[in-house]
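2 protein chains.
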Amino acid sequence: MRYLTPTLSDLEKAAERIAPFAEITPILTCSAISEMVGAELFFKCENFQKVGAFKFRGACNAVFSLTDDEAAKGVATHSSGNHAAALSLAGKLRGIPVYIVMPSNAPEIKKRAVKGYGGRITYCEPTLSARESTLKIVIEKTHAFEIHPFNDEQIIAGQGTATLELLNTIPDLDVIIAPIGGGGLISGTCIAAKGINPNITIMGAEPKGADDAYLSLAKGEIVPQTNPNTIADGLLSSLGKKTFPIIAEHVSKILTVSEKNIIRAMRLVWERLNIIIEPSSAVVLAALLEHPEENKEKKVGLIFSGGNTDLDHLYW
Amino acid sequence: MRYLTPTLSDLEKAAERIAPFAEITPILTCSAISEMVGAELFFKCENFQKVGAFKFRGACNAVFSLTDDEAAKGVATHSSGNHAAALSLAGKLRGIPVYIVMPSNAPEIKKRAVKGYGGRITYCEPTLSARESTLKIVIEKTHAFEIHPFNDEQIIAGQGTATLELLNTIPDLDVIIAPIGGGGLISGTCIAAKGINPNITIMGAEPKGADDAYLSLAKGEIVPQTNPNTIADGLLSSLGKKTFPIIAEHVSKILTVSEKNIIRAMRLVWERLNIIIEPSSAVVLAALLEHPEENKEKKVGLIFSGGNTDLDHLYW
Chain A
1 MRYLTPTLSD
11 LEKAAERIAP
21 FAEITPILTC
31 SAISEMVGAE
41 LFFKCENFQK
51 VGAFKFRGAC
61 NAVFSLTDDE
71 AAKGVATHSS
81 GNHAAALSLA
91 GKLRGIPVYI
101 VMPSNAPEIK
111 KRAVKGYGGR
121 ITYCEPTLSA
131 RESTLKIVIE
141 KTHAFEIHPF
151 NDEQIIAGQG
161 TATLELLNTI
171 PDLDVIIAPI
181 GGGGLISGTC
191 IAAKGINPNI
201 TIMGAEPKGA
211 DDAYLSLAKG
221 EIVPQTNPNT
231 IADGLLSSLG
241 KKTFPIIAEH
251 VSKILTVSEK
261 NIIRAMRLVW
271 ERLNIIIEPS
281 SAVVLAALLE
291 HPEENKEKKV
301 GLIFSGGNTD
311 LDHLYW
Chain B
1 MRYLTPTLSD
11 LEKAAERIAP
21 FAEITPILTC
31 SAISEMVGAE
41 LFFKCENFQK
51 VGAFKFRGAC
61 NAVFSLTDDE
71 AAKGVATHSS
81 GNHAAALSLA
91 GKLRGIPVYI
101 VMPSNAPEIK
111 KRAVKGYGGR
121 ITYCEPTLSA
131 RESTLKIVIE
141 KTHAFEIHPF
151 NDEQIIAGQG
161 TATLELLNTI
171 PDLDVIIAPI
181 GGGGLISGTC
191 IAAKGINPNI
201 TIMGAEPKGA
211 DDAYLSLAKG
221 EIVPQTNPNT
231 IADGLLSSLG
241 KKTFPIIAEH
251 VSKILTVSEK
261 NIIRAMRLVW
271 ERLNIIIEPS
281 SAVVLAALLE
291 HPEENKEKKV
301 GLIFSGGNTD
311 LDHLYW
């Protein structure tokens with residue numbers, strides 16, 4: 001089976017589609033951090049996106065791409081993270097029901113976010129198979145349309161709109177670095193950036209404790225993520241069948257980072273930029289701290305995935 | 001002795017003077033927080049100002065207002081806080097030496113900030129009289145020009161530029177609330193706002209544990225601050241002879257707030273806006289949480305003073 005890869009034109013349509021609902025997020029700079037890593041950095045701040053994460057772009061694009069018939073019975077997904085909140089808000093904006101399958105041990109704050117946007121939660125055991133089988137039951141009962149968190153063309157196209165905005169403002173970037181979880185964000189990043197400038201370099205950033213994308217790229221096929229161990233809780237998924245080929249074609253290199261550098265990068269950003277980013281965002285700056293030989297004196301765009309983190313707990 | 005009060009035209013000159021150096025800071029909104037307090041809120045984010053605080057506006061204006069002769073021997077002040085860092089950076093930008101008298105027990109992070117901008121520190125005992133007498137000695141030795149943190153027309157004019165920006169973007173605000181320490185920020189706020197719209201209401205926000213401005217306004221004369229007890233460490237000063245009359249003339253009301261509400265407001269902003277503000281910023285939102293009867297359904301501008309807070313310690 002051959003999957004259709006979204007094109008730059010799909011991303012441009014996505015940008016138009018989500019424009020009434022999504023934020024055009026700010027791009028920040030910080031001379032102190034740029035000097036520290038010896039490159040000129042531009043931070044694309046998806047922590048200021050609706051629901052506090054880039055996930056809203058994809059969810060919004062996917063929900064508003066549906067025909068009225070497809071949308072009539074609502075949408076459904078399984079997620080314990082930002083995609084659940086993003087889909088709930090997108091569905092609310094379209095006026096359709098949203099069904100979320102969530103592991104019973106999901107953090108209280110995530111449950112509250114989903115409920116706050118009107119998402120209807122079905123709890124299940126905290127295993128992938130329980131999530132999948134429960135979602136199947138929910139969909140059989142409701143006839144809702146499934147929207148996968150990353151293995152979906154409209155999701156990928158939506159996530160890519162962050163990079164359209166970034167290159168619209170800073171067109172002469174040499175490199176863009178994005179975090180890799182399931183690969184939706186970096187796939188959209190690739191299509192946007194390579195579509196606009198085929199000479200741009202795309203790198204991924206991944207925790208050493210969840211380095212399945214690094215291993216997958218090395219092996220030339222999807223290596224599933226097993227027992228991930230990292231504070232970057234948005235980057236625990238395996239790559240998908242629709243994201244892996246895009247990453248394999250366009251991503252030059254995946255930089256893996258230690259937990260220590262994720263924490264160091266996170267603190268640097270909180271302290272110097274006065275903004276709150278989640279650990280999954282911090283990996284992109286950690287990549288430059290840990291691999292200072294890469295990207296010296298380059299103009300580098302870094303995509304901060306979001307800002308949803310537990311404020312009762314500091315990692316440092 | 002009669003002091004000259006800065007006028008709107010002085011503020012406009014200040015804005016031009018600092019434009020090459022200072023940030024035009026963003027104005028953020030948050031529908032969840034606005035709904036919570038029943039008013040439409042606009043947050044003027046001086047935590048994104050240079051050195052992370054509004055203090056840079058005043059310091060920059062004061063330093064660049066000096067004649068070459070006045071500036072030749074440098075500038076000096078006593079401060080353990082944001083004014084010290086702000087003056088150090090402003091002096092560095094003008095290329096003149098900056099002498100800072102600081103209590104020996106000042107936080108390490110403040111000392112580092114001043115040194116990072118090239119400020120020359122003289123340590124003294126942590127009392128006001130030691131600070132004043134040490135500053136006198138430093139000035140006698142260096143012939144530097146003293147720049148007081150708030151009791152100074154050019155400082156007041158500089159701080160007022162934040163409100164010029166705020167009203168330039170949101171001209172139809174009903175109310176502006178600013179925190180009160182020595183009164184420099186709120187004095188500049190009054191001159192800007194009343195100069196542009198005489199019908200606008202200005203309120204101050206102050207911790208109950210440092211309510212000297214509240215008492216001063218009630219008594220009609222400066223009541224010195226004694227033994228302040230609050231986490232809002234930027235709001236510990238008494239009012240000055242140049243700030244009190246401006247406040248007495250233009251400020252309708254001072255809303256005092258509990259430490260509990262300062263912490264609650266600070267957490268709300270970190271969580272909902274994904275930005276880092278210091279406790280002294282949070283008092284303005286705390287004022288609306290604690291006095292919900294005030295400003296219902298109004299358009300309210302809130303000035304966040306800065307974002308310099310100890311990231312090793314959470315108040316909640």
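Just so you know, the protein sequences line up as chains A and B, in that order.
In terms of the working numbering, the first sequence is residues 1 to 316.
In terms of the working numbering, the second sequence is residues 1 to 316.
Note that CB positions come from ideal geometry on N, CA and C, so glycine has one too.
> For B/R267, which residues in chain A fall below 8 Å Cβ to Cβ?
Replying inline: L311
> Which of the three DSSP states, helix, strand or coil, is assigned to B/C30?
Replying inline: coil
>> Helix, strand or coil for A/K299? Go by DSSP, reduced to three states.
In response: strand
> Does any CB atom of chain B fall closer than 8 Å to the CB of A/L314?
Replying inline: yes
> Any idea what DSSP makes of A/Y123, helix, strand or coil?
Replying inline: strand
> Quick one: Cα of B/I180 to Cα of B/T142, how far?
Replying inline: 32 Å
> Out of curiosity, what's the CA-to-CA distance linking A/A162 and A/F54?
Replying inline: 8 Å
>> Between A/I275 and chain B, is any beta-carbon pair separated by less than 8 Å?
In response: yes
> How many Å lie between B/R272 and B/E278 at the Cα?
Replying inline: 15 Å
>> Spatial neighbours of B/Y117 within its chain, please: C-beta separation below 7 Å, excluding the five flanking residues on both sides.
In response: A85, S88, L89, K92
>> By the three-class DSSP mapping on this structure, what secondary structure does B/A323 have?
In response: The requested residue 323 of chain B does not occur in the structure, where chain B is confined to residues 1 to 316.
> Mapping DSSP to helix, strand and coil, what is B/W316?
Replying inline: coil
> Taking 8 Å as the CB-CB limit, is A/F145 close to chain B?
Replying inline: no
> Looking at the structure shown, is A/I109 part of a helix, part of a strand, or coil, going by DSSP?
Replying inline: helix
> With which residues is A/A205 paired in a DSSP beta bridge?
Replying inline: A/P179, A/L255
> Does B/G81 come within less than 8 Å of chain A when only Cβ atoms are used?
Replying inline: no
> Hey, how far is the Cα of B/K110 from the Cα of B/S80?
Replying inline: 7 Å
> Using a Cβ cut-off of 9 Å, which residues of the stretch 39-50 of chain A contact any Cβ in chain B, in chain order?
Replying inline: C45, N47, F48
> Thinking just about the alpha-carbon of each residue, which of A/T77, A/N168, A/L173 is nearest to the one in A/V138?
Replying inline: A/T77
>> On a Cα-Cα basis, can you pick out the residue from A/D310, A/G301, A/I196 that is closest to A/D174?
In response: A/G301
> Ordered along the chain, which non-local residues of its own chain (more than five positions away) have a Cβ less than 6 Å from that of A/A144?
Replying inline: K73, G74, V75, A76, Y99
> A/E271 versus chain B: which residues are under 7 Å apart at the beta carbon?
Replying inline: L311
>> In this structure, how does DSSP classify B/L41 when only helix, strand and coil are distinguished?
In response: strand
> Beta-carbon of B/M1 versus every beta-carbon of chain A: anything under 8 Å?
Replying inline: Because the pLDDT at B/M1 is just 40, under 50, the model does not fix this residue reliably, and the value given afterwards should be weighed accordingly. B/M1 does not count as touching chain A.
> So with Cβ pairs under 8 Å, would you call A/I52 a contact of chain B?
Replying inline: According to the sequence as given, residue 52 of chain A is Gly; it is not Ile. Chain B contact via Cβ: present.
> Taking 8 Å as the CB-CB limit, is B/L235 close to chain A?
Replying inline: no
> Is A/F150 helix, strand or coil when you go by DSSP?
Replying inline: coil
> In terms of alpha-carbon separation, which member of B/E146, B/S281, B/L217, B/Q154 lies closest to B/I191?
Replying inline: B/Q154
>> Just to confirm my understanding: we take A/A130, look at its own chain, exclude 5 residues before and 5 after, and list those with CB closer than 6 Å. What are they?
In response: C124
>> Could you pull the DSSP bridge partners for B/V101 from this structure?
In response: B/H78, B/T122
> Quick one: Cα of B/A178 to Cα of B/K194, how far?
Replying inline: 14 Å
>> Between which two residues does the alpha helix (DSSP H) holding B/F64 run?
In response: 55-65
> Exposed or buried, which one is A/P224 when buried takes at least 16 other CB atoms within 10 Å?
Replying inline: exposed
> Straight-line CA distance for B/H148 to A/T256?
Replying inline: 49 Å
> Using the beta-carbon count (16 or more within 10 Å), is B/L128 buried or exposed?
Replying inline: exposed
> Which chain A residues are close to B/G158, counting only those with a beta carbon under 9 Å from its beta carbon?
Replying inline: What B/G158 touches in chain A: nothing, since even the nearest Cβ is about 20 Å away.
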